[in-house]
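What follows is a short report on a single structure.
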Amino acid sequence: MKGQSYIILSILFVIIVSAFSVANVDLVEINYLFGTGEVPLIFVILFSVLMGGLITVSAGAVKLFQLQRKLKSLQAERDQMETTLSEHGLEDIAAAGTDDHRSTEE
1 MKGQSYIILS ILFVIIVSAF SVANVDLVEI NYLFGTGEVP LIFVILFSVL MGGLITVSAG
61 AVKLFQLQRK LKSLQAERDQ METTLSEHGL EDIAAAGTDD HRSTEE
């Protein structure tokens, strides 16, 4: 259900941005660092939306990679602790502790 609502909101956002862009086709003057130029407002709006989306996706990807790295580190630490427990004859504690956590990984 979460995926469907994401798709519906995305389509709604695209429709709103498209309607807003098409309604604003006048030429606007853009001041660059090295000069000025006239561009249709529709290009300015679409470029701004595209850049905002790319920045958001980039920030999300960085956070995702950080979380994946942290997850792998914690899983390795957990495996090492389980090995240490089983070496000391405490397999029951290791098995009881991992039953709850392993079911959430799948």
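FYI, in UniProt numbering the residues of the sequence shown are 1 to 106. Beta carbons: idealized from backbone N, C-alpha and C, even for Gly.
Distance between beta carbons of residue j and residue i, contact taken as under 8 Å
| i | j | result |
| --- | --- | --- |
| Glu38 | Val28 | 7 Å |
DSSP-derived helix/strand/coil call for residue i
| i | result |
| --- | --- |
| Gly37 | strand |
| Ala25 | Looking at the sequence shown, residue 25 is not Ala but Val. In this structure, Val25 counts as coil in the three-state DSSP scheme. |
Length of the line joining the Cα atoms of residue i and residue j
| i | j | result |
| --- | --- | --- |
| Asn69 | Met81 | A quick correction: the sequence has Arg, not Asn, at residue 69. Going from the Cα of Arg69 to the Cα of Met81 covers about 19 Å. |
| Arg78 | Phe34 | 56 Å |
| Leu67 | His88 | 32 Å |
| Met1 | Gln75 | 29 Å |
| Leu9 | Leu71 | 30 Å |
| Met51 | Leu64 | 20 Å |
| Thr56 | Thr83 | 41 Å |
| Leu85 | Leu54 | 46 Å |
| Ile11 | Gly3 | 12 Å |
Cβ-Cβ distance between residue i and residue j below 9 Å
| i | j | result |
| --- | --- | --- |
| Phe20 | Ile45 | yes |
| Val36 | Ile42 | It should be pointed out that residue 36 corresponds to Thr in this sequence rather than to Val. No, the pair does not count as a contact, with Cβ atoms beyond the cut-off. |
| Val62 | Pro40 | no |
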